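To keep things clear, I will list the structure first and then write my remarks on it.
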């Protein structure tokens, strides 16, 4: 009988733990329940990530610790989208404006590799996509490429080569 009670208590504890973790994927929503991906700055860097992606975690560490990256993102909105999340997001991207779930927006943007970085302006025009992880030095150069509007003059590969970023 005592084993049965211990078993029931264990099951109950597991159930409480699982139910308290249920909302972890939907972090980032504002009190109204919808996260905005519409930039407040001239440019935004949207990082589409996956829960199980080790390179996404590395990118997050890079953005927090690398001085070159920290300086590069100043004045640019850094936004995140979790590909498995059902959280609501408001967006203006790729000529479309609306509301969606994070998962549906990632799918609509054609994201197939993580992390997937999308640079866009305040009007929602996509300027550059980087599918997959980029080392800090290369990513800092890509950020400068967007912020300093070199994308209007040359393609990213020419810029990275000229600047010695690869």
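Residue numbers (the numbering used here): 14 to 179.
We treat Cβ as the ideally placed atom computed from N, Cα and C, and that holds for glycine.
Small disclaimer: the values here were computed from a predicted structure and weren't measured.
- In the DSSP annotation of this structure, residue 122 is not part of any beta strand (DSSP E), being labelled neither H nor E.
- Sequence-distant Cβ neighbours of residue 81 in its own chain, meaning closer than 8 Å and more than five residues away, are 149, 150 and 153.
- Relative to residue 100, the option among 175, 131, 50 and 76 whose CA is nearest is 50.
- Going by beta carbons, residue 128 and residue 62 fall inside the 7 Å limit.
- Its chain contains 139 as the residues whose beta carbon lies nearer than 6 Å to that of residue 107, once the 5 sequence neighbours on both sides are disregarded; these appear in chain order.
- Inter-residue distance for residue 96 and residue 78 is about 24 Å (C-alpha atoms, whole angstroms).
- Its Cα nearest to that of residue 134, the residue 104 stands out among 104, 176 and 84.
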